[in-house]
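J.:
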Amino acid sequence: MPWPAPDEIVTSQLLLGLFETQLRADGATDAGARVFQPGDWPTVRGQMPIIKLRILRERRQSQSRSGSPQYTTTAMIRVIGEVEAYASEDNAGAAIAEAACWLLKRQIEIAIVNSHELFMRIQQIASIDSSLVISSEGATHIAAIVMDFAVEFFEDADSFAPVSADDVNDIDLTAANHPPLSAQFPLNP
Numbered sequence: 312m313p314w315p316a317p318d319e320i321v322t323s324q325l326l327l328g329l330f331e332t333q334l335r336a337d338g339a340t341d342a343g344a345r346v347f348q349p350g351d352w353p354t355v356r357g358q359m360p361i362i363k364l365r366i367l368r369e370r371r372q373s374q375s376r377s378g379s380p381q382y383t384t385t386a387m388i389r390v391i392g393e394v395e396a397y398a399s400e401d402n403a404g405a406a407i408a409e410a411a412c413w414l415l416k417r418q419i420e421i422a423i424v425n426s427h428e429l430f431m432r433i434q435q436i437a438s439i440d441s442s443l444v445i446s447s448e449g450a451t452h453i454a455a456i457v458m459d460f461a462v463e464f465f466e467d468a469d470s471f472a473p474v475s476a477d478d479v480n481d482i483d484l485t486a487a488n489h490p491p492l493s494a495q496f497p498l499n500p
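Here the sequence shown stands for residues 312 to 500, numbered as in our numbering.
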């Protein structure tokens, strides 16, 4: 991916798309191209591992009390990685699912933290919170790693609330002095 365009506006939705691109890259994770957003897609047994993405929330912290708006925005991007393993009498299925889940977690972290395209657009990943959930209902164990990435980026008046304006083509100036002065300045020769 090339350098960001100078007029590119960084938003939480753009960052979510970058997460998806990085996680879908060949060999990035065991999930391969099974990366979905929004993250509320149902889990289908036999099609795992999968990764689900969504923007959980967004917080803007003002950087100044006066002047144009400037914010440090923190987007909480949730990544859910799900794996499965068949149940067995010796309970090895649960251990296999848990180990696969921790491996997927590590692959997700590496794919995101090593993303040059992401870090060209953000200030930092302020934190990564992870938790493991295992379900042993039915013939398979399903393990999920829930990861919340707090991604900080800068927003100013142009990106947060851009003002639409008409192009200025010329300026008419009249000065009230003696002798009177009047001038026209065409801006588009």
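Every residue, glycine too, gets a C-beta built ideally from N, C-alpha and C.
#1: Could you compute how far the alpha carbon of Phe-347 sits from the alpha carbon of Gly-378?
#2: Just to confirm, is the Cβ distance from Ala-396 to Ile-407 under 8 Å?
#3: Could you tell me whether the Cβ of Gln-374 comes closer than 8 Å to any Cβ of chain B?
#4: With H, G and I counted as helix, E and B as strand and the rest as coil, what does DSSP make of Gly-392?
#5: Taking the CB atoms as reference points, tell me whether Glu-409 and Ala-342 lie closer together than 8 Å.
#6: Cα separation between Ala-344 and Gln-324?
#7: Do Asp-481 and Leu-498 have their CB atoms nearer than 8 Å?
#8: Quick one, which of Glu-393, Val-424, Phe-465 and Val-479 has its alpha-carbon nearest Arg-356's?
#9: Could you give the residue range of the alpha helix (DSSP H) that holds Glu-428?
T.: Taking the structure as given:
#1: To locate residue 347, count along the sequence shown from 1; it is residue 36. To locate residue 378, count along the sequence shown from 1; it is residue 67. Taking the straight line joining both Cα atoms gives about 40 Å.
#2: Translated into positions along the sequence shown, residue 396 becomes position 85. Translated into positions along the sequence shown, residue 407 becomes position 96. Yes; because the gap between Cβ atoms is below 8 Å, this pair is in contact.
#3: The question asks about chain B, but that chain is absent: this structure has only one protein chain.
#4: As a working mapping, residue 392 is identified with position 81 in the sequence shown. If DSSP states are grouped into helix, strand and coil, Gly-392 belongs with the strands.
#5: Within the sequence shown, the letter at position 98 stands for residue 409. Within the sequence shown, the letter at position 31 stands for residue 342. No, the pair does not count as a contact, with Cβ atoms beyond the cut-off.
#6: Taking the sequence shown and counting its residues from 1, one reaches residue 344 at position 33. Taking the sequence shown and counting its residues from 1, one reaches residue 324 at position 13. Their Cα atoms are separated by approximately 19 Å.
#7: In the sequence shown, counting from the first residue as 1, residue 481 sits at position 170. In the sequence shown, counting from the first residue as 1, residue 498 sits at position 187. In contact: Asp-481 and Leu-498 (Cβ atoms closer than 8 Å).
#8: What you label residue 356 is simply residue 45 of the sequence shown in a count that begins at 1. Measuring from the Cα of Arg-356, the nearest candidate turns out to be Glu-393.
#9: Counting from one through the sequence shown, the residue named residue 428 turns up at place 117. Its alpha helix (DSSP H) spans residues 427-430.
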